[in-house]
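Novice: Numbering (the numbering used here) for the sequence shown: 14 to 413.
We put the CB at the ideal spot given by N, CA and C, even for glycine.
It should be emphasised that the depicted structure is a prediction, and the values quoted were computed from it without experimental measurement.
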Amino acid sequence: MKILAIHNFHRSGSASGDDQVFKSETSMLEEHGHEVIRYTVSNDEFDKADAAGKLAATFGMLWSFKNYRAVVSLIREHHPDLVHVHTFFPLLSPSILYAAKRMGVPVVATLHDTRFVCPVATSLRDGKICNECGDGHYLRMTRHACFKGSRLQSLLVAGIFKYHRARRSFYKQIDRYICLNDNQIVLLKGIGFDSSKIVKKYNFVPDAQANMAAERVSGLPERYAVFYGRIGAEKGIRVLQRIWNEIDDIPLVVMGGGPLEDDFKAWADKKPNVYFLGYTPHEQCMAIAKAGEFVVFPSIWYEGCSMVEIESESLGLPLIATDLGFSAEAVNDGVNGVKVPLGDMHGWITAIRGLWKEPELCKKMGMNSRRDYEDKYTPENNYQQLLNVYRGIVSSTARR
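#1: Terminal residues of the continuous alpha helix (DSSP H) containing residue 434?
#2: Do residue 331 and residue 305 count as a contact pair if the criterion is CB distance below 7 Å?
#3: Based on Cα-Cα distance, which residue from 179, 307, 383 and 404 lies nearest to residue 365?
#4: Under the assumption that residue 238 contacts residue 265 (Cβ atoms under 8 Å), give the Cβ distance between them as a whole number of angstroms.
#5: Using the Cα positions of residue 235 and residue 263, report the straight-line distance between them to the nearest angstrom.
#6: Can you give the Cα-Cα distance for residue 325 and residue 283, rounded to whole angstroms?
#7: Is the distance from the Cβ of residue 120 to the Cβ of residue 110 below 7 Å?
#8: Would you mind working out which of 147, 230 and 245 sits nearest residue 290, comparing C-alpha positions?
#9: Just to confirm my understanding: we take residue 188, look at its own chain, exclude 5 residues before and 5 after, and list those with CB closer than 6 Å. What are they?
#10: Do the CB positions of residue 190 and residue 112 come within less than 7 Å of each other?
#11: Run through DSSP, which three-state label would residue 408 get?
#12: What do you reckon, are the CB atoms on residue 217 and residue 390 nearer than 7 Å?
#13: Tell me, which residues are paired with residue 122 by DSSP?
#14: Taking 6 Å as the limit between beta carbons, can you name the residues of its chain near residue 398, skipping five residues before and five after?
#15: Contact defined as beta carbons within less than 8 Å: I believe residue 219 pairs with residue 392. What is the distance between those atoms, to the nearest angstrom?
#16: Over what stretch of residues does the alpha helix (DSSP H) that includes residue 315 continue unbroken?
#17: Is there contact here, the segment 367–383 with the segment 327–343, by at least three beta-carbon pairs under 8 Å?
#18: Could you give the first and the last residue of the continuous beta strand (DSSP E) run that contains residue 340?
#19: Please list the segments of the beta strand (DSSP E) lying wholly inside the segment 250–293, counting only runs of 3 or more residues, in order along the chain.
#20: Indicate whether the contact test is met: 3 or more Cβ pairs, each with one atom in the segment 335–353 and one in the segment 316–323, closer than 8 Å.
#21: What would DSSP say about residue 55, mapped onto helix, strand or coil?
#22: What are the boundary residues of the alpha helix (DSSP H) that includes residue 352?
#23: Three or more C-beta pairs closer than 8 Å, one from the segment 252–260 and one from the segment 354–374: is that the case here?
#24: Return the bridge partner residues of residue 137 from the DSSP annotation.
#25: Can you tell me where the beta strand (DSSP E) holding residue 211 begins and where it ends?
#26: Enumerate in chain order the residues of its own chain whose CB-to-CB distance from residue 221 is below 7 Å, with the five nearest sequence positions on each side excluded.
#27: Per DSSP, which residues does residue 334 bridge with? Please list them.
#28: From what residue to what residue does the beta strand (DSSP E) around residue 238 run?
#29: For residue 335 versus residue 372, is the C-beta spacing smaller than 7 Å?
#30: Output needed for residue 59: all residues of its chain with C-beta closer than 7 Å, excluding positions within five of it in sequence on either side, in chain order.
#31: For residue 84, which three-state DSSP category applies?
#32: Note down, in chain order, each residue of its chain lying with its Cβ closer than 7 Å to the Cβ of residue 151, except the 5 sequence neighbours on either side.
#33: In the DSSP output, what is residue 48 paired with across the bridge?
#34: Can you tell me whether DSSP reads residue 31 as helix, strand or coil?
#35: If you compare alpha carbons, which of 297, 253, 167 and 247 is closest to residue 225?
#36: Could you name each continuous alpha helix (DSSP H) segment of 4 residues or more that falls completely within the segment 361–410, going from the start of the chain to the end?
Okay, here's the thing in structure tokens:
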């Protein structure tokens, strides 16, 4: 097959999951002999633009003529069998969906977040789950300054989504939605998306267990719990701090970077049992994580298909995770980890202390995690699922 793959990268250094998925998925397709034409933009382009460029890009979030023309041109040149869109916001804009459809090419979209329900894509407001804008009344975003804490920017984003809701852009211009978990499917159906166009496919990660030895780092204790990933509010960093404010006898190793990094480091420096390593190259991060007892994942938002969680399973590590979004189906309570209800601080402390005291149970759960990875999240398994999605949409389009 010939696939035109389209993605809006986040800023450099963000290590965002959808960026990682786009890279690994397109590479996997090429490894299996498919031709992939990539069309990407980066939010770095906005940061580097002058005032006029930023203004043009801002208006382009509603409809980007530049990206519309580029996609039309690529389709004319390469004649792809389908277009696979990952992230289109903010720079690509929904115009790329219209470009593909008007050229008669079917569109597949992977939904890495809940943006069709919540224009901010987090389904969070003031640190709590919120899906109110699923009803299409986006102007409430302005009142709550949902987008980057700015009423003006929230008004702009609300207008963009109001316009495309009126045009039913996300309903009519996409032929197949790839959801990453059951929760996404429920949310989409709840706001009127066609269930016959929705499929579920998890993400994948290469086998981190293969040929990897656990790394013992000087200065780290022999046993420790692990958190790694984005140091951001939505990942439950504040929850993690509250937990370890109550736990002073269990070591915690934290790896990652993000908007709360400086604040977290200042806190960690005062905690003798918290070891903050900051950004850690991926392979080293995996080796250090593998030497841990279990991974703590206190996310407070709807994870799509967390790369951290499936990487942890590939390493053979148990997970203690919030019973929310992807984690709700990734963790089989008491089998490959422990699920904790959102906001249950006592539950977190009990789960962590309980697993810490049972190293043999940790090992058993870790083996179950590894089996779960092999069943669901390997590259080959994922490739077959993706190919089935592609074949299904191409054949149904041909019958029209």
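Specialist: Quick look at the numbers:
#1: This structure does not reach residue 434, given that the chain is present from 14 up to 413, and the question cannot be answered.
#2: The residue labelled residue 305 in the question sits at position 292 within the sequence shown. The residue labelled residue 331 in the question sits at position 318 within the sequence shown. Not a contact, by the Cβ cut-off of 7 Å.
#3: Against the sequence shown, residue 365 aligns to sequence position 352. Looking at the Cα atoms, 307 is the closest of the given residues.
#4: Indexing the sequence shown from 1 puts residue 238 at position 225. Indexing the sequence shown from 1 puts residue 265 at position 252. That pair is a contact at about 5 Å.
#5: On the sequence shown, residue 235 is found 222 positions in, with the first residue counted as 1. On the sequence shown, residue 263 is found 250 positions in, with the first residue counted as 1. Cα atoms of residue 235 and residue 263: separation of roughly 11 Å, rounded to the nearest angstrom.
#6: If you number the sequence shown from 1, residue 325 lands on position 312. If you number the sequence shown from 1, residue 283 lands on position 270. The straight-line gap from Cα to Cα measures roughly 28 Å.
#7: For the purposes of this step, residue 120 is taken as residue 107 along the sequence shown, with counting starting at 1. For the purposes of this step, residue 110 is taken as residue 97 along the sequence shown, with counting starting at 1. Contact: yes.
#8: To locate residue 290, count along the sequence shown from 1; it is residue 277. Looking at the Cα atoms, 230 is the closest of the given residues.
#9: Residue mapping note: residue 188 aligns to position 175 of the sequence shown, counting from 1. Within the same chain, residue 188 has close Cβ partners 119, 120 and 406.
#10: The residue labelled residue 190 in the question sits at position 177 within the sequence shown. The residue labelled residue 112 in the question sits at position 99 within the sequence shown. Residue 112 is positioned such that its CB atom lies no closer than 7 Å to that of residue 190.
#11: For the purposes of this step, residue 408 is taken as residue 395 along the sequence shown, with counting starting at 1. Residue state, collapsed to three classes: helix.
#12: Position 204 of the sequence shown, counted from the first residue, corresponds to residue 217. Position 377 of the sequence shown, counted from the first residue, corresponds to residue 390. Taking C-beta atoms as the reference points, residue 217 and residue 390 count as a pair closer than 7 Å.
#13: The sequence position of residue 122 within the sequence shown is 109, counting from 1. As DSSP reads the structure, residue 122 sits in a beta bridge with 98 and 190.
#14: Walking along the sequence shown from the start, residue 398 turns up at place 385. The residues are 214.
#15: Here residue 219 refers to the residue found at position 206 of the sequence shown. Here residue 392 refers to the residue found at position 379 of the sequence shown. Yes, they are in contact, since the Cβ atoms of residue 219 and residue 392 sit about 6 Å apart, within 8 Å.
#16: As a working note, residue 315 is residue 302 in the sequence shown. DSSP places residue 315 outside any alpha helix (DSSP H), giving it a letter other than H or E.
#17: Yes, they touch.
#18: Numbered from 1 along the sequence shown, position 327 holds the residue referred to as residue 340. Note, residue 340: premise wrong, no beta strand (DSSP E); alpha helix (DSSP H) at 339–343.
#19: Runs of the beta strand (DSSP E) inside the segment 250–293: 265–268 and 287–291.
#20: Yes, the segment 335–353 touches the segment 316–323.
#21: Walking along the sequence shown from the start, residue 55 turns up at place 42. Here residue 55 sits in strand by DSSP.
#22: Here the question's residue 352 lines up with position 339 in the sequence shown. For residue 352, no alpha helix (DSSP H) run applies; the uninterrupted beta strand (DSSP E) run containing it begins and ends at 350–353, by DSSP.
#23: Contact holds: three or more Cβ-Cβ distances are below 8 Å.
#24: To locate residue 137, count along the sequence shown from 1; it is residue 124. Per DSSP, the beta bridge partners of residue 137 are 142.
#25: Walking along the sequence shown from the start, residue 211 turns up at place 198. 211–213 is the span of the beta strand (DSSP E), which, as asked, contains residue 211.
#26: As a working mapping, residue 221 is identified with position 208 in the sequence shown. Contacts found: 299, 324, 327 and 328.
#27: Start at 1 with the first residue of the sequence shown, and residue 334 comes out as number 321. When DSSP reads this structure, residue 334 sits in a beta bridge with 310 and 352.
#28: In the sequence shown, the residue the question calls residue 238 occupies position 225. Residues 238–241.
#29: Translated into positions along the sequence shown, residue 335 becomes position 322. Translated into positions along the sequence shown, residue 372 becomes position 359. No, these two residues do not count as a Cβ contact at 7 Å.
#30: Residue mapping note: residue 59 aligns to position 46 of the sequence shown, counting from 1. Closer than 7 Å at Cβ, skipping near neighbours: 67, 70 and 104.
#31: Counting from one through the sequence shown, the residue named residue 84 turns up at place 71. In the three-state reduction of the DSSP assignment, residue 84 falls in the helix class, which pools H, G and I.
#32: Within the sequence shown, the letter at position 138 stands for residue 151. Around residue 151: 132, 171, 174 and 175.
#33: What you label residue 48 is simply residue 35 of the sequence shown in a count that begins at 1. BP columns for residue 48 point to 15.
#34: Residue 31 sits at position 18 when you count from the first residue of the sequence shown. In the displayed model, residue 31 falls within a helix according to three-state DSSP.
#35: For the purposes of this step, residue 225 is identified with residue 212 of the sequence shown, where counting begins at 1. When the alpha-carbon of residue 225 is set against those of 297, 253, 167 and 247, the nearest one is in 297.
#36: Listed in chain order, the complete alpha helix (DSSP H) runs (minimum 4 residues) inside the segment 361–410 are 372–389.
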